[in-house]
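Asks:
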Amino acid sequence: PPALVAPAAAVSALGELTPGGALMKCYHDESLAQLVPEPLEKDLRNLYMSGCELLRHFWLCFPPTTPQLQEKAEKMHEALHRFHSAKLKPFEDRVMVEFSPLSQQLTSHISQLLTAAYSKYEVWQSRRKSAALR
Numbered sequence: 001p002p003a004l005v006a007p008a009a010a011v012s013a014l015g016e017l018t019p020g021g022a023l024m025k026c027y028h029d030e031s032l033a034q035l036v037p038e039p040l041e042k043d044l045r046n047l048y049m050s051g052c053e054l055l056r057h058f059w060l061c062f063p064p065t066t067p068q069l070q071e072k073a074e075k076m077h078e079a080l081h082r083f084h085s086a087k088l089k090p091f092e093d094r095v096m097v098e099f100s101p102l103s104q105q106l107t108s109h110i111s112q113l114l115t116a117a118y119s120k121y122e123v124w125q126s127r128r129k130s131a132a133l134r
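If you count by UniProt numbering, then the sequence shown holds residues 1 to 134, one letter each, in order.
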């Protein structure tokens with residue numbers, strides 16, 4: 001029987017074979033941008049603007065030197081998770097279905113920004129718990 005390729009490997013290979021992928025060096029990032037339809041670009045821009053606004057408020061909480069800043073940091077962390085699940089994930093799912101090779105390339109940067117914020121929050125929480133145990 002023929003060996004089947006894992007779905008993740010197949011999607012990855014497709015991504016490498018599209019303009020901007022590692023196997024298509026003759027194309028530039030500009031040509032990748034040309035593959036993005038205008039309505040999708042508008043949705044991505046709106047996603048970025050709202051995500052960056054939430055991130056801006058999150059980062060303004062650090063260092064949380066007052067109880068109010070601590071509370072705001074917690075609320076903003078929750079808001080970032082809600083944004084991720086209610087806005088970013090559905091957008092990524094839609095792009096994966098409609099434009100599969102583009103999906104990760106379009107949202108990788110904002111995902112990295114969110115991951116950095118989540119990491120900062122986790123470090124802050126662990127330090128806070130350590131200080132409370134002393």
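Ideal placement from N, C-alpha and C gives every residue a C-beta, glycine not left out. Since we're looking at a predicted model, the values are computed, not measured.
Whole angstroms is fine: what's the gap from residue 74's alpha carbon to residue 84's?
Replies: 15 angstroms
Asks: Mind checking whether residue 113 and residue 60 have CB atoms under 7 angstroms apart?
Replies: no
Asks: Taking all protein chains shown into account, do 16 or more other C-beta atoms lie within 10 angstroms of the C-beta of residue 117, making it buried, or fewer, making it exposed?
Replies: buried
Asks: Mind checking residue 106: buried by the 16 CB within 10 Å criterion, or exposed?
Replies: buried
Asks: So the candidates are 69, 4, 6 and 11; which of them puts its Cα closest to the Cα of residue 98?
Replies: Out of 69, 4, 6 and 11, 11 has the C-alpha closest to the C-alpha of residue 98.
Asks: Starting from residue 57, trace the alpha helix (DSSP H) in both directions and tell me its first and last residue.
Replies: Run containing residue 57: 38-60, per the alpha helix (DSSP H) assignment.
Asks: By how many angstroms is the C-alpha of residue 47 removed from the C-alpha of residue 87?
Replies: 7 angstroms
Asks: Along the chain, where does the alpha helix (DSSP H) that runs through residue 97 open and close?
Replies: 89-98
Asks: Quick test of your reading: residue 129 and residue 62, contact by CB under 8 angstroms. State the CB separation rounded to the nearest angstrom.
Replies: About 17 angstroms; that fails the 8 angstroms criterion.
Asks: Are residue 92 and residue 103 closer than 7 angstroms when you measure CB to CB?
Replies: yes
Asks: Under three-state DSSP, which class holds residue 80?
Replies: In the structure shown, residue 80 sits in a helix (DSSP, three-state: H, G or I).
Asks: Can you tell me which of the three DSSP states residue 35 falls into?
Replies: coil
Asks: Quick one: what's got a C-beta closer than 8 angstroms to residue 77's C-beta in the same chain, skipping five residues either side?
Replies: 58, 117, 118 and 121
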